[in-house]
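Below is one structure; the comments refer to it alone.
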Amino acid sequence: MGKSVYSREPTNPAKAVKARGSDLRVSFKNTYETGSAIKGMKLERAQKYLQNVIDKKEIVPFRRYKIGVKGKPQCRTHKVAVGRWPRKSCEFILGLLKNAESNAELRGIDTDALVVTHMQVNKARRGRRRTFRAHGRINAFMSQPCHVEMFLAEPEEPVEGAGNGGARAPAKLTRSHLRSGVRA
Numbered sequence: 001m002g003k004s005v006y007s008r009e010p011t012n013p014a015k016a017v018k019a020r021g022s023d024l025r026v027s028f029k030n031t032y033e034t035g036s037a038i039k040g041m042k043l044e045r046a047q048k049y050l051q052n053v054i055d056k057k058e059i060v061p062f063r064r065y066k067i068g069v070k071g072k073p074q075c076r077t078h079k080v081a082v083g084r085w086p087r088k089s090c091e092f093i094l095g096l097l098k099n100a101e102s103n104a105e106l107r108g109i110d111t112d113a114l115v116v117t118h119m120q121v122n123k124a125r126r127g128r129r130r131t132f133r134a135h136g137r138i139n140a141f142m143s144q145p146c147h148v149e150m151f152l153a154e155p156e157e158p159v160e161g162a163g164n165g166g167a168r169a170p171a172k173l174t175r176s177h178l179r180s181g182v183r184a
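Be aware that the sequence shown starts at 1, since it is given in full-length UniProt numbering, and climbs by one per residue.
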């Protein structure tokens with residue numbers, strides 16, 4: 001099997017770890033929303049959050065794939081109306097986080113400071129099955145697995161800029177503004 005290729009590389013490879021899973025037999029839409037929920041979290045918080053979702057103490061907010069998802073009172077903390085507790089997706093992503101944590105320990109990176117900086121969920125090749133209907137008909141019964149990749153990195157300290165004495169930068173004009181003759 002060849003070397004796995006990530007969609008991009010971390011900004012600072014020396015302080016980042018990667019983990020990925022291919023052709024995972026878990027719902028793409030649920031995994032996408034779960035991955036979006038933990039992006040930007042610290043490693044320990046992400047693991048605790050996913051465990052709380054499995055125990056139904058916290059909820060995964062559904063922002064993109066929300067058609068047919070019902071409203072839940074727990075969603076108020078995320079300022080959205082709908083959400084679910086996708087147990088299987090959380091278990092798969094917990095496994096990937098554990099893999100990334102062991103990669104960090106192997107490379108000597110401080111696991112307490114790691115933050116989920118990149119989380120990408122892609123659709124994988126669909127699994128084909130059949131369902132038998134009335135009057136001898138047969139319909140497709142497809143599954144939608146997914147590929148998941150993530151980076152965890154130590155956050156970089158912000159660099160203080162030279163600054164321009166508190167003055168605002170001039171507004172950038174877009175091409176459409178320039179075409180219509182609007183001036184700043």
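Think of the CB as a built atom: it goes at the ideal place given N, C-alpha and C, for glycine as much as any other residue.
For the beta strand (DSSP E) that contains residue i, what are its first and last residues?
i, result
"GLU154", "Note, GLU154: premise wrong, no beta strand (DSSP E); not H, not E."
"ILE138", "138 to 140"
"THR34", "That residue, THR34, is in no beta strand (DSSP E); its alpha helix (DSSP H) goes 28 to 38."
When you compare only the Cα positions, how much space is there between residue i and residue j?
i, j, result
"VAL53", "HIS177", "47 Å"
"HIS147", "ARG179", "43 Å"
"PHE62", "VAL69", "8 Å"
"HIS78", "GLN144", "27 Å"
"LYS42", "LEU152", "9 Å"
"ILE138", "ARG129", "10 Å"
"SER102", "GLY95", "11 Å"
"VAL116", "ARG64", "20 Å"
"LYS72", "GLY83", "6 Å"
"MET150", "PRO10", "10 Å"
"SER4", "GLU91", "22 Å"
"THR174", "LYS18", "37 Å"
"MET142", "LYS172", "48 Å"
"VAL80", "ARG126", "30 Å"
"ILE59", "TRP85", "6 Å"
"ILE93", "ALA134", "39 Å"
"TYR6", "ARG45", "25 Å"
"GLU160", "LEU106", "33 Å"
"ASN30", "ASP55", "16 Å"
"ALA100", "GLN74", "29 Å"
Among the options, which residue has its Cα nearest to the Cα of residue i?
i, options, result
"LYS66", "PRO170, VAL26 and TYR32", "TYR32"
"GLU157", "PHE141, ALA140 and ALA113", "ALA113"
"THR111", "ARG128, GLN47 and ILE138", "GLN47"
"GLY21", "LEU173, LYS123 and ARG133", "LYS123"
"ALA14", "THR174, ARG126 and ILE109", "ILE109"
"MET119", "CYS75, ASN99 and ALA37", "ALA37"
"GLN51", "THR131, LEU97, ARG107 and ALA104", "LEU97"
"ARG25", "ASN12, SER89 and GLY40", "SER89"
Just verifying my parser: in three-state terms, what is the DSSP assignment at residue i?
i, result
"LYS18", "strand"
"LEU24", "strand"
"THR111", "helix"
"ASN12", "coil"
DSSP has residue i in a bridge; who is on the other side?
i, result
"GLY95", "Note: GLY95 sits in no beta bridge, so no partner."
"SER143", "GLY127"
"GLN74", "Answer is none; GLN74 lacks a bridge partner."
"GLY83", "PRO61"
Identify the continuous alpha helix (DSSP H) that holds residue i and give its terminal residues.
i, result
"GLN51", "43 to 54"
If you measure from the CB of residue i, is any heavy atom of the ligand FMN nearer than 8 Å?
i, result
"CYS90", "By its list of ligands, the structure shown contains no ligand whatsoever, and the ligand FMN lies outside what it can speak to."
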